[in-house]
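Reviewing the structure listed below.
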Amino acid sequence: MLQVSIPMPRSSFPPLALARWVWTLPTNLIGHLVGLLACRRLPRRLKGPACNAWLYVLPQGSRLRRVGAVAIGHAVLAESAFISGSRGRWVLAHELSHTRQHDWLGPTYLPLHVLCQIVSVVVNRAWPVTGFSPVHAYNPLERTLLHVPFDVLRESDQSLDSGDPRVLKMFGLER
Ligand SMILES: [Zn+2]
């Protein structure tokens, strides 16, 4: 059983949507700049009731390919193999969960992620967690405070296949 939670739809109430657009603009600008420089092509829209993001597919030979997938604000950068098939849908759901964090954290999103990664690496040196990279092991922004935690991506294909389809639907990732 995957430990996921179903995201609520994003509000489309105009004043709220405008405030969110302004709040998330600084990190989104960074994300789109990195995405455009890394991919040299326009992104694809990822849209569902619970998200509105942009997907940059990393080209062959990109230095960023070894990160697999990353969400910089609402810009998701990913290599195509990493986001294909059933497992890939859950990878995208995880990245889109980060975009929900960004809705709340706005300009503090990147600094907080960096801080949590540093703390996780330091604690992991003393108490390593099997099966998790140092930046994920003790990182609440990866393992607790999001709808699809990183832990889900360590599940078997069979377990992912039987994951709650409502989560994928809310992120616009249903088959
Ligand atoms: Zn993550």
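Residue numbers (our numbering): 196 to 370.
Cβ coordinates follow ideal geometry from the N, Cα and C atoms, glycine included.
Element boundaries [beta strand (DSSP E), containing residue i]
i	result
Val252	Cys246 to Leu253
Residue j beta carbon less than 8 Å from that of residue i
i	j	result
Glu337	Pro344	yes
Ala273	Leu253	yes
Thr222	Pro335	no
Beta-bridge partners of residue i, as assigned by DSSP
i	result
Ala264	Ala273
Bounding residues of the alpha helix (DSSP H) (the contiguous stretch that carries residue i)
i	result
Arg240	From DSSP, Arg240 is part of no alpha helix (DSSP H) but of the beta strand (DSSP E) over Arg239 to Gly243.
His227	Pro209 to Cys234
Leu291	Gly280 to Leu300
Close beta carbons around residue i, own chain, < 7 Å, minus the five adjacent residues each side
i	result
Ala288	Val343, Val362, Leu363, Phe366 and Leu368
Leu300	Leu307
Close Cβ partners of residue i (< 6 Å) along its chain, the five nearest in sequence each way excluded
i	result
Ala332	Ser315, Asn319 and Val324
Arg260	Leu253 and Glu274
CB contact below 8 Å: residue i versus chain E
i	result
Val347	This model lacks chain E altogether; it includes just one protein chain.
Closer than 7 Å: residue i CB and nearest ligand 1 heavy atom
i	result
Phe366	no
Phe345	yes
His289	yes
His293	yes
Glu274	no
Glu350	no
Glu369	no
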